[in-house]
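First up is the structure itself, then whatever we jot down about it.
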């Protein structure tokens, strides 16, 4: 190879590395212009709201008119485009099975042995979903599955204005993502409190189903802390950190994903995420991520670039799900309820606080937990280093402990998003002044 070609290759490689590192810094830098929603601050879209305290109209009938008027301007239509990709044997190039393709190319005998010879294209794909404005400067929360593979994201507001959006961060385990458009003075939806949601209360689902314009549907809350086992990988392993959905019978269809579940007082109580259906269309039940989970995930993504997950440090089972035979074998009372501790590893926060195998957790910070979904929902509000008070029983005696929550690595450190350098597998060092002078640059 000629010296000119060598220099050009090195120059392009250097530009690529610098570009990736700069891009990482831009993508994961702290978003200083986001301070979260401030108590007492009411956006302009609520100016005409004079609704009844309990969301009911004259005679006790549910009244959605004013709350819908306040909420609909805050729900946006997200349209995504995924570029066409070349594949071999139905797999992207990075997943081909032929280990010799980089040496001998694709037109060789090894493709017949390893199945890498048939090429094709995955065509350009377009999809749509919904999102919710949560700040007046363009931050939007939506589902991860709405934007995860997108090469281009366009957001259309209720006033028909369209903006390019960028992904601030996303978390597949919670199926949540934050995107941003460059705009100010926007309406946004005030956070409610999903802990206050009651089974049987009226709610609204707002979104853009089936590529229609803004659509409002209503129903009642059918259940809380519902675990569905939806978020699993191709091997069936559970990938979700928390599955504790609000179940409603409000009509939700494809395209509603990422939209708002709203209380009759016009506040955000959930992010619509899934439906139970044999056809892919609404057939009775829909599921939303509680806003108390969503706002913590959003704040973490914006501040740290990734979610700060906290762990009690136990493996467990629902005491009420244990058979009579298993309860008898493990010495668990027949009428026991709560979270049965199957194991408390010695490096976990629970063990350090005194919990042991066989204990039954009854509450976290005063909130009763009767299932793993309820327990996970409570723990998901905290970050590593936070302390929670756990009430539990041991040998039928009530006890309590203060647990210092840890991260998955077993410490209290803040978890940072993976850097571009780590993803490249590169090791970078500062360039000394002599080498910099040799290259004719100031430094690097």
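In our numbering, the protein residues as written are 10 to 453. Think of the CB as a built atom: it goes at the ideal place given N, C-alpha and C, for glycine as much as any other residue.
Nearest to residue i by CA position, among the options, is which residue?
| i | options | result |
| --- | --- | --- |
| residue 144 | 277, 138, 221 | 277 |
| residue 253 | 387, 285, 178, 181 | 387 |
| residue 275 | 135, 177, 84 | 84 |
| residue 220 | 165, 405, 207, 201 | 165 |
| residue 171 | 96, 233, 189 | 189 |
| residue 152 | 389, 264, 326 | 264 |
| residue 5 | 181, 201, 272, 141 | The shown model of the chain, from 10 to 453, leaves out residue 5, and the question about it has no answer. |
| residue 93 | 131, 218, 80 | 131 |
| residue 410 | 360, 335, 366 | 360 |
| residue 373 | 412, 399, 426, 156 | 399 |
| residue 147 | 262, 173, 368, 201 | 173 |
| residue 337 | 367, 320, 358, 321 | 367 |
| residue 178 | 332, 155, 194 | 155 |
| residue 376 | 401, 365, 333 | 401 |
| residue 199 | 236, 150, 233, 230 | 150 |
| residue 222 | 394, 76, 88, 54 | 88 |
| residue 357 | 407, 297, 418, 307 | 418 |
| residue 216 | 415, 351, 77 | 77 |
| residue 346 | 255, 354, 333 | 333 |
| residue 320 | 344, 420, 194, 426 | 420 |
| residue 52 | 71, 142, 226 | 142 |
| residue 43 | 202, 255, 191, 351 | 191 |
| residue 55 | 365, 196, 184, 262 | 196 |
| residue 82 | 296, 163, 139, 281 | 139 |
For residue i, report the span of its beta strand (DSSP E) as first-last.
| i | result |
| --- | --- |
| residue 213 | 211-216 |
| residue 232 | 224-235 |
| residue 91 | 84-91 |
| residue 372 | 369-373 |
| residue 254 | 254-257 |
So the alpha helix (DSSP H) residue i belongs to, where does it begin and stop?
| i | result |
| --- | --- |
| residue 327 | Residue 327 -> not in any alpha helix (DSSP H); beta strand (DSSP E) instead, spanning 324-327. |
| residue 337 | 333-339 |
| residue 75 | 74-80 |
| residue 358 | 358-361 |
| residue 388 | 381-388 |
Under the rule that 16 or more other beta-carbon atoms within 10 Å means buried, what is residue i, buried or exposed?
| i | result |
| --- | --- |
| residue 303 | buried |
| residue 311 | buried |
| residue 314 | buried |
| residue 242 | In this predicted model, residue 242 has a pLDDT of only 44, less than 50, meaning its place in the structure is not dependable; the value taken from the coordinates is given anyway. Classification of residue 242: exposed, given that the 10 Å Cβ count is below 16. |
| residue 135 | exposed |
| residue 160 | exposed |
| residue 317 | buried |
| residue 325 | buried |
| residue 404 | exposed |
| residue 383 | buried |
| residue 48 | exposed |
| residue 309 | buried |
| residue 257 | buried |
| residue 268 | buried |
| residue 10 | Because residue 10 sits at a pLDDT of 47, beneath the cut-off of 50, its placement in the model cannot be relied upon, and the point is left open. |
| residue 422 | exposed |
| residue 406 | exposed |
| residue 175 | exposed |
| residue 385 | buried |
| residue 393 | buried |
| residue 351 | exposed |
| residue 355 | exposed |
| residue 301 | buried |
| residue 344 | exposed |
| residue 32 | Confidence at residue 32 is low in this model, with a pLDDT of 47, below 50, so the placement of that residue is unreliable and no value is reported for it. |
Pull the bridge partners of residue i from the DSSP assignment, please.
| i | result |
| --- | --- |
| residue 408 | 401 |
| residue 352 | 324 |
| residue 269 | 215, 280 |
| residue 137 | 88 |
| residue 131 | 94 |
| residue 376 | 373 |
| residue 396 | 413 |
Within 6 Å: the Cβ of residue i and any heavy atom of the ligand SAM?
| i | result |
| --- | --- |
| residue 364 | Annotation note on the ligand SAM: not contained in the displayed structure, which lists no ligands. |
In chain order, which continuous runs of the beta strand (DSSP E) of length 3 or greater are located wholly inside the region 273-301? 277-285, 294-299
Go through the region 142-199 residue by residue and report every complete run of the beta strand (DSSP E) that reaches 3 residues or more, in order. 148-151, 161-165, 171-180, 185-190
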